[in-house]
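If you use this note's numbering, the sequence shown corresponds to residues 14 to 266, in order.
To start, the structure itself, in C-alpha cells.
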Amino acid sequence: MKIFDTHTHLNDPTFSGNTQQYIDNAKELDVDEMAIIGSNEEFNIEAIRLAQNYQPLHAVVGWHPEFAKEYNEEQLVNQIKLPEVVGIGEIGLDYHWEEDPEPKIQKQVLIQQLDVAQQYNMPVSIHCRDAFDDMYEILKNHDMSKSGIIMHSFNGDVEWLNKFLDLGLWISYSGVVSFKNAPEVHESAKETPLDRLLVETDAPYLTPEPYRGHTNQPAYTRYVVDAIAKYKGITPSEVAEHTFNNAHQVYNL
C-alpha cells in the first residue's frame, strides 16, 4: 500500500531539523510521498529547499490569504518553473480568522494566483474557511480543467460537495474526517467519488484520531485513509490506491 499526503507543512518550524525522521515515520505507515505546502515567501522557499533535498517530497508554493498583502507575482512565476514545484498553494479565502486583509484583497490575490495557474497549467491547492459562497463564484468563473483544483481539508456538507464536484474539483480530506463530531464530513467523504478523492494531514494541524490533541505529522495520513475506508465500506488499500493515483494525476507526477 502506498499513500500520498497531498497537503502537509514539513516546512513549519515544528519539524525543523527532523525532516528525515518524519519521512521515516511516514514510510513505516505506508506514506510514501508528500506535497509540502507554502503560504508566504519564507515558507515557499523552505518547501522548495526540502523538495530539492528529500526525494519523496514535492513543493507547492503560493500566498495564503493571511499573507495576501505580501503577494509577489514575479517570485511566484519564477518558483513554479522549478522542477520541484508541482502546484500553486495554498491560496484562497479565510473569513473565519482573517479580518485583515479584508475580503476584497483576499479575493483579488486569489484571482491573480488563479490567473497564473491558468497561464502555466499548474494545479492549485485551495484554502477555504467560512467562504464557500465567494469561493464558488470565483472558481465558477475560472476554467481550471487543464490544471486542476484541490479543495484542501474539505469540511462542507454533501450539497457543497456536489457543487464543487460539478466544477471539476478534487476533494481532499484531512484528520477532521476522523473526528466523532464531524458527521457532515463523514457523509461527504462517503459520497465523494473515488476518482476525485485525495487525502492529507495539514500537519502539524488537524491531527486525526487516535492522536487528536498531539502534533500531527505526515505518517498520520494513514488514519485519514482508514477513516474514509470505514465510511465508504471499502478497504484502506482501495482508498490508498485511488488517492495515490489521483495525487499523481493532479500534480502531474
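Glycine is no exception: its CB is placed at the ideal position from the N, C-alpha and C atoms.
Residue of the options minimising C-alpha distance to residue i
i	options	result
D43	L266, M135, Y67 and V252	V252
H255	W183, D215 and H199	W183
V129	D146, Y35, T228 and Y84	Y84
N134	V90, P116 and T248	V90
D146	G169, F257 and R209	G169
R142	L266, G30, E79 and Y224	E79
D37	W110, P69, M157 and L127	P69
L23	E150, A60 and F17	A60
K203	K94, R225 and K245	K245
Residue environment, residue i, which counts as buried when at least 16 other CB atoms sit within 10 Å
i	result
S201	buried
K193	exposed
K120	buried
E213	buried
N265	exposed
Coil, strand or helix - residue i by DSSP
i	result
G188	helix
E197	helix
T256	helix
W173	helix
S250	helix
A202	helix
R142	strand
T220	coil
T27	helix
F167	coil
L89	helix
L266	coil
D43	coil
Cβ-Cβ distance between residue i and residue j below 9 Å
i	j	result
A216	D25	yes
Y108	P116	yes
V190	V237	yes
E97	H71	yes
P231	Y35	yes
V99	V73	yes
H20	S250	no
L180	L207	no
K82	I118	yes
L219	A260	no
A39	T228	no
Q125	V137	no
Are there three or more Cβ pairs, one per stretch, closer than 8 Å when the stretch 234-250 is compared with the stretch 158-173? no
Are there three or more Cβ pairs, one per stretch, closer than 8 Å when the stretch 96-108 is compared with the stretch 39-55? yes
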